[in-house]
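Right, one structure below, let's go through it.
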Amino acid sequence: MLDFPDDTQPILLSTDASETGLGGILYQEINDIKRILYYHSELLSRSQKRFHPIELEALAIFKCITRMKSFLLGRDI
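Taking this note's numbering, the leading residue of the sequence shown gets 597, the next gets one more, and so forth.
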């Protein structure tokens, strides 16, 4: 279930990439409970599947920040 952000708590971004896709979650940890704010995932294109793993990880970070920018603007991550 997705939650509303708590402006008094830091926001965390976790990303990952594999040979077939990439994704990430934006969340807050409040009282040791992860509260998910946003999910993003997508499949890789044929050309992206040839990227080096470190490039895929960087692409995952870029895509998630771009997609989640309305949540991230003006906040510490």
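Just so you know, even glycine gets a beta-carbon here, dropped at the ideal spot from N, CA and C.
Check your understanding: Are Ala-613 and Glu-653 closer than 7 angstroms when you measure CB to CB?
Key -> Going by C-beta atoms, Ala-613 is nearer than 7 angstroms to Glu-653.
Practice item. Using only alpha-carbon positions, find the residue among Phe-647, Ile-607, Leu-668, Arg-663 that is nearest to Ile-626. Key: Measuring from the Cα of Ile-626, the nearest candidate turns out to be Ile-607.
Practice item. Quick one: which unbroken beta strand (DSSP E) runs of 3-plus residues sit fully inside the region 649 to 673? Chain order, please. Key: Taking 3 residues as the shortest admissible run, the region 649 to 673 contains no complete beta strand (DSSP E) segment at all.
Practice item. Identify whether Gln-605 lies in helix, strand or coil by the three-state DSSP scheme. Key: Of the three classes helix, strand and coil, the one that applies to Gln-605 here is coil, per DSSP.
Practice item. Drop a sphere of 10 angstroms on the beta-carbon of Leu-618, count the other beta-carbons inside from all chains shown, and report buried for 16 or more, exposed for fewer. Key: With 16 or more other Cβ atoms within 10 Å, it is buried.
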